[in-house]
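*Asks:*
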């Protein structure tokens with residue numbers, strides 16, 4: 422009951438005209454930069470940080486946080502419409518979002534992603550309200566061995582990400598893992614695979630890789646095929662944008678599962694939303710009775726990752742606010758913003774600065790409602806965008822990708838890398854090598870290696886540490902179960918249809 | 002049908018924009034009218050860190066007193082190489098400045114083929130911020146002093162720091178050699194990871210700057226056993242220095258300083274020095290820096306250079322003694 426009283430206090434704080442205004446500004450800005458390919462919330466938040474020096478801490482935090490989660494709403498828009506993700510986590514939404522758009526169902530897809538984003542965000546906010554301290558303690562208790570086992574499960578689940586030849590999928594995961602090793606080895610401080618280029622010493626930029634493989638490659642594909650997809654001619658009525666009953670049925674549980682996976686991954690410091698969305702997609706495909714529909718425009722293929730995306734960014738606030746342990750660079754910037762005002766997030770924040778803590782939490786939910794209201798009417802506008810002839814649209818998109826990638830590190834080498842990855846992605850598409858497993862391998866590789874080695878250092882080089890820690894053991898067992906399940910299913914599927922040809 | 006030229010147009014626009022970042026238009030450097038356009042400050046870190054936030058904080062009043070906006074440009078990566086290269090591609094006119102840190106003095110030894118020499122290619126304006134590092138234990142472990150910890154765990158001490166080659170990591174190396182303890186230094190990717198390791202109790206000691214760990218210390222999640230400064234940290238005067246705790250010669254003070262390109266008109270350097278010094282002396286900035294656990298203090302260019310040289314020597318010895326492979 423006390424929680425509800427405090428929450429009421431929070432809403433009191435977050436519903437003042439000023440707070441509403443800053444929340445609105447934050448989420449609108451967030452949606453906007455989310456739609457633009459490559460430009461991420463980190464850059465935007467860093468630019469806005471000095472503004473908050475002069476604001477009340479609550480207002481500043483409401484705005485910065487709004488940018489952060491607002492960006493997740495927008496990031497799938499370009500994935501669906503153009504097959505160009507707005508951010509790395511939204512790359513997975515391309516797989517089914519874009520086919521839906523090609524079927525003339527862009528409106529439905531956008532409707533679904535907006536709704537599931539809202540559900541995912543709300544799910545994590547509810548966790549934050551009622552269980553934050555407990556969950557934060559749980560999340561922080563995960564040690565290197567536990568991380569390793571979770572990531573191994575993620576990697577195993579990822580094998581479903583590929584459509585077509587499993588060997589090619591495996592090859593791409595491996596390539597991704599190798600590419601993830603580029604840069605400075607965290608354990609020894611030595612450079613690996615940098616070829617003497619200072620630009621590579623901090624590794625390959627995730628945004629450059631995602632934008633290249635998914636964005637630039639798509640544009641090159643269209644260019645090479647000689648004919649762009651036809652711009653949409655007919656007007657789409659509002660009714661056509663509404664999901665059918667079947668769509669909603671497909672969305673229902675997949676978005677809850679996505680929310681759960683996203684919340685779990687999101688509250689583990691150091692993981693990030695890309696792993697959450699890819700895991701959610703892989704999970705849905707595993708569970709589905711029609712895995713062959715994935716990649717052809719499956720509703721589950723967009724609803725689960727989108728819910729996971731928003732859940733993970735909201736859940737990232739759990740360790741940040743309650744323990745003062747920010748999960749990623751964006752959270753660290755926000756913590757910096759609070760420190761400037763002399764506020765130190767941590768276990769005591771909830772009691773010493775109750776108004777601030779609950780005000781921010783309440784504003785999250787208000788922000789999500791604003792985003793819902795803001796984004797639903799925009800669907801028509803976005804779909805209308807598809808009527809722009811592609812010879813205007815693609816150069817503009819390419820231009821935006823260049824700006825976006827550049828803005829991450831202010832590094833022009835990243836722009837060249839993006840174009841290089843675009844060419845690589847183009848040939849991968851040509852020869853049927855899937856991009857998604859590569860991207861996941863790239864994200865997971867460094868985490869797996871780093872945590873494996875750290876776990877061994879911490880356990881004085883005993884491999885048994887991976888089965889002695891309960892969390893680690895559970896995830897390793899899950900991995901085994903998953904492997905056995907998929908082998909048995911593959912065997913039975915092969916019996917049923919040995920005549921079926923791979924697409 | 003997409004025409005190839007439209008694509009080329011897009012590319013060209015992209016390249017043009019990138020090129021704008023490295024504007025080389027030569028504005029005549031004239032000390033009397035300086036500054037007549039915004040000043041760019043290259044920060045060798047991503048946004049949100051100590052060097053970034055302190056520079057942004059000081060940047061506002063500094064911009065007002067100079068009558069021009071200061072534009073912060075984050076160029077993280079490669080131990081400051083990316084930022085310094087950017088800096089050296091600009092003109093020596095005082096319109097592009099760089100923030101150097103203690104890490105710069107480490108990089109001099111750690112990187113064997115740097116495309117520049119900081120002591121030759123850059124000239125100091127002033128120091129901006131000073132800070133010490135904190136040695137912290139998990140309060141549940143029950144150690145109240147550094148000696149207690151060393152007595153109990155000195156034969157197998159586990160220390161968490163961020164990546165090898167960082168000030169924190171080399172400070173841990175220096176500590177283990179000066180305190181003559183047998184230690185494993187475990188590198189983590191970020192400061193929050195270091196804090197997480199301490200909260201879990203998987204390490205005995207964590208070493209990092211006060212700024213990032215203020216929250217943990219205030220909340221009693223981490224117990225500060227000692228600070229590495231010459232004197233106690235005014236933000237937590239009850240915590241002794243490592244010197245007081247009996248670790249002889251163990252002093253590490255980090256700094257952020259503002260540098261210009263060599264060849265910049267001395268009159269411009271003087272002007273910038275005086276303005277920064279005035280801003281750093283204001284109570285508002287001193288207080289705001291103090292919130293971050295950082296001391297706002299300017300130095301003369303000569304003192305700054307002497308400090309840089311001394312630190313290059315100091316860290317060279319640490320790197321050699323610890324047997325760290327250079328890059």
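Chains as they are written, first to last, in the working numbering: chain A, 422 to 924; chain B, 2 to 328. The beta-carbon is built from N, C-alpha and C at its ideal position, and this holds for glycine as well. All values reported here derive from a predicted model rather than from experimental measurement.
1) Could you name the residues that DSSP lists as bridge partners for residue 132 (chain B)?
2) What's the call for residue 901 (chain A), buried or exposed, on a 16-neighbour Cβ count within 10 Å?
3) Nearest-angstrom Cα distance between residue 882 (chain A) and residue 874 (chain A)?
4) Report yes or no: is there a C-beta of chain B within less than 8 Å of the C-beta of residue 878 (chain A)?
5) If you measure beta-carbon to beta-carbon, which residues of the stretch 867 to 891 of chain A are closer than 8 Å to chain B?
6) Nearest by alpha-carbon distance to residue 327 (chain B): which of B:252, B:244 and B:109 is it?
7) Starting from residue 187 (chain B), trace the beta strand (DSSP E) in both directions and tell me its first and last residue.
8) Step through the CB atoms of chain B and report whether any lies within less than 8 Å of the CB of residue 605 (chain A).
9) Rounded to the nearest angstrom, how far is the Cβ of residue 566 (chain A) from that of residue 47 (chain B), given a contact under 8 Å?
10) Does DSSP put residue 603 (chain A) in a helix, in a strand, or in coil?
11) Can you name the residues of chain B whose CB is closer than 7 Å to the CB of residue 746 (chain A)?
12) Within 8 Å of any Cβ in chain A, is that where the Cβ of residue 222 (chain B) sits?
13) Look at residue 94 (chain B) and residue 265 (chain B) and say whether their C-beta atoms are less than 8 Å apart.
14) Go ahead and label residue 221 (chain B) buried or exposed: buried means 16 or more other beta carbons lie within 10 angstroms of its beta carbon, across all protein chains shown.
15) Just checking: is the beta-carbon of residue 753 (chain A) within a distance shorter than 8 Å of some beta-carbon in chain B?
16) Taking the alpha carbon of residue 166 (chain B) as the reference point, which residue from B:105, B:311, B:132 and B:159 has its own alpha carbon closest?
17) Once DSSP output is grouped into helix, strand and coil, what is the label at residue 809 (chain A)?
18) Taking the continuous alpha helix (DSSP H) assigned at residue 85 (chain B), which residues delimit it?
19) Should residue 109 (chain B) be flagged as near chain A, meaning a C-beta pair shorter than 8 Å?
20) Any heavy atom of the ligand FAD closer than 7 Å to the CB of residue 618 (chain A)?
21) Using only the alpha-carbon positions, how far apart do residue 287 (chain B) and residue 281 (chain B) sit?
22) Please confirm whether residue 727 (chain A) and residue 537 (chain A) have their CB atoms less than 8 Å apart.
23) On a CA-only basis, which of A:804, A:555, A:642 and A:879 is nearest residue 853 (chain A)? Give me that one, please.
24) Express the C-alpha separation of residue 52 (chain B) and residue 297 (chain B) in angstroms, rounding to a whole number.
25) From the beta carbon of residue 255 (chain B), is the nearest beta carbon of chain A less than 8 Å away?
26) Within 8 Å (strictly less), CB to CB, does residue 273 (chain B) reach chain A?
27) For residue 228 (chain B), does the three-state DSSP call read helix, strand or coil?
28) Give me, in chain order, the residues of the same chain whose beta-carbon lies closer than 7 Å to that of residue 157 (chain B); leave out the 5 immediate sequence neighbours on both sides.
29) What residues from the stretch 202 to 227 of chain B come within 8 Å of chain A, judged by C-beta to C-beta, listed N to C?
30) Is it the case that the stretch 538 to 547 of chain A contacts the stretch 728 to 742 of chain A, given that we only count it when at least three CB pairs across the two stretches are under 8 Å?
31) Which residues, taken in chain order from the stretch 126 to 156 of chain B, show a beta carbon closer than 8 Å to some beta carbon of chain A?
32) In angstroms, rounded to a whole number, what distance separates the CA positions of residue 174 (chain B) and residue 741 (chain A)?
33) Would you mind sorting residue 23 (chain B) into buried or exposed? The rule is 16 or more other CB atoms within 10 Å of its CB.
34) Between residue 326 (chain B) and chain A, is there a C-beta pair that is closer than 8 Å?
35) For residue 671 (chain A), which residues of its own chain have a beta-carbon under 6 Å away from its beta-carbon, when the five flanking residues on both sides are left out?
36) Any chance you could list the alpha helix (DSSP H) runs of at least 4 consecutive residues sitting entirely within the stretch 702 to 757 of chain A, in chain order?
*Replies:* Reading from the atomic positions:
1) B:255
2) exposed
3) 9 Å
4) yes
5) 871, 875, 878 and 879
6) B:109
7) 184 to 188
8) yes
9) With 8 Å as the limit, residue 566 (chain A) and residue 47 (chain B) do not qualify as a contact, their Cβ atoms being about 29 Å apart.
10) coil
11) 193, 196 and 197
12) yes
13) yes
14) exposed
15) yes
16) B:105
17) coil
18) 82 to 90
19) no
20) Absence of the ligand FAD from the depicted structure is noted, as is the absence of any ligand whatsoever, leaving it without description.
21) 7 Å
22) yes
23) A:642
24) 12 Å
25) no
26) no
27) strand
28) 183
29) 203, 212, 215, 216, 217, 219, 220 and 222
30) yes
31) none
32) 30 Å
33) Low confidence applies here, because residue 23 (chain B) scores a pLDDT of 44, under 50, leaving its location unreliable and the question unanswered by this model.
34) yes
35) 720 and 721
36) 721 to 736 and 738 to 744
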